[in-house]
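J.: What follows is a structure written as structure tokens; I'll ask about it next.
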Amino acid sequence: NELSDNMMTSLSLFVTNLIRSSELQLGKLLRRKSLERFSKRPQQIKANIILIQNQISPKRSTLLDFNSNDVAEQMTLLDSELFLKISLPEILYMSIEKGEDYCPNLSYFTEHFNKMSYWVRSRILEQNSQQHRENYFEKFLKILKHLRRLNNFNSYLAILSALDCGPLKRLHWSKSITESTTEHTVLIDSTGSFKNYREALSNSVGSPCIPYIGLILSDLTFVHIGNADYLPDGKTVNFWKRWQQFNILHKLRYCRKWEHKFERNDRILFFFNNFDDYMSEDSQWLQSEKLKPRSKANPYG
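Position one of the sequence shown corresponds to residue 1 (full-length UniProt numbering), numbered consecutively onward.
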């Protein structure tokens, strides 16, 4: 083996940074391009990741092995690093439909959200018994509470959207799980232009906070589409539109004044494995229907 100890240390750091950078598939809009990038990665990197994982944990860990607060903190650590890399112009570019090249960090952040959500769905659906599925569902509900306390609305909504997705929602769950999920979904009730979420975000001022970028992009897109760049004379800049855009971005800038600072937990981070281990959406539906076949009376349920 030609690798020296120093080189192995450097390789370990590189793999760790790779895991924390979220550089794979991008969600719906950027899925194809990201998969093309992934296919070009050397396969040796995967082998090295597995090697380091085995060195850290001799047995295969499960989500239930970890403290819920510790899991929430490590999710927040990853989110924070990605969130702080995003430049404000990237967010503006995305809202006016510029290409991926203009907003790479925002693209990675969006990808990270989507992968985490699919990862959560998969961890529940892959369980062989109803009791195990409910144990995992309850574990994610506990993690949600800690994420809410940490004002990490990004991971909070990624997990909540998973727990409330079609393939899971159609299955049978205990009354306590159903009620707890309903309580959490109140935060993202669209009534009053997401009034509950906006109030929660406003109340987090003065503490570390990671907002849900999707709603910020929605607000900016609404302003962009609903207002012309120039006044009717075709020469005067529409400063009212610019002011609205500035105000939205200024609120986002305020969220970055305070940063979450947690110690790395490599065992949990390696367990996450960049949230790459998840079922495709079609596979999720197939598994859901395997667990609860559709009835002839209600073929859509």
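Just so it is clear, CB atoms sit at the ideal spot from N, CA and C, and this is done for glycine as well.
So for Ile210, helix, strand or coil by DSSP?
T.: Reduced to three states, the DSSP call for Ile210 is strand.
J.: Out of Ala72, Leu220, Tyr212 and Asp65, state which residue places its alpha-carbon closest to the alpha-carbon of Trp243.
T.: Residue Leu220 is the option with its Cα nearest to Trp243.
J.: What distance in whole Å lies between the Cβ atoms of Pro208 and Asn265, which are believed to be in contact at a cut-off of 8 angstroms?
T.: Not quite, the Cβ-Cβ distance comes to about 18 angstroms (not below 8 angstroms), so this is no contact.
J.: Sorted by chain position, which residues of the same chain lie with C-beta nearer than 6 angstroms to Ser204's C-beta, five sequence neighbours on each side aside?
T.: Excluding residues within five positions, the ones whose Cβ falls inside 6 angstroms are Asn151.
J.: Mind checking who Val237 pairs with in its DSSP beta bridge?
T.: The partner list for Val237 (beta bridge, DSSP) reads Tyr230.
J.: Apply the 10 Å Cβ neighbour rule to Leu147 and answer buried if 16 or more other Cβ atoms are within range, or exposed otherwise.
T.: Classification for Leu147: buried.
J.: Tell me which residues share the same chain as Arg121 and place their Cβ nearer than 8 angstroms to its Cβ, disregarding the 5 neighbours each side in the sequence.
T.: Ala162, Cys165, Pro167, Leu168, Tyr278, Met279 and Gln284.
J.: Could you have a look at Asn135 and say whether DSSP puts it in helix, strand or coil?
T.: Correct three-state label for Asn135: helix.
J.: Compute the Euclidean distance between the alpha carbons of Ser176 and Phe66, then round it to the nearest angstrom.
T.: Whole-angstrom Cα-Cα distance: 22 angstroms.
J.: Kindly indicate the opening and closing residues of the alpha helix (DSSP H) around Lys115.
T.: Residues Pro104 to Leu125.
J.: What residue range is occupied by the uninterrupted alpha helix (DSSP H) comprising Val205?
T.: Segment: none, Val205 is in no alpha helix (DSSP H) and carries neither H nor E.
J.: Gly214: which of Phe109, Phe271 and Ala72 sits nearest, CA to CA?
T.: Taking only the C-alpha atoms, the option nearest Gly214 is Phe109.
J.: Evaluate contact between the region 80-99 and the region 183-190, counting only Cβ atoms and requiring at least three cross-stretch pairs below 8 angstroms.
T.: These segments do not touch.
J.: May I ask you to report which of helix, strand or coil DSSP gives His146?
T.: Helix.
J.: Evaluate the contact criterion for the region 133-143 versus the region 246-262: three or more CB pairs, one atom per stretch, below 8 angstroms.
T.: Not touching, per the Cβ criterion.
J.: How about Pro293: is its Cβ closer than 8 angstroms to a heavy atom in the ligand GDP?
T.: This structure lacks the ligand GDP, and indeed carries no ligand of any kind.
J.: Classify Trp119 as buried or exposed, calling it buried when 16 or more other Cβ atoms lie within 10 Å of its own Cβ.
T.: It counts as buried.
J.: For a test of the three-state rule: what should DSSP assign to Asn273, helix, strand or coil?
T.: Asn273 falls in the helix class under three-state DSSP.
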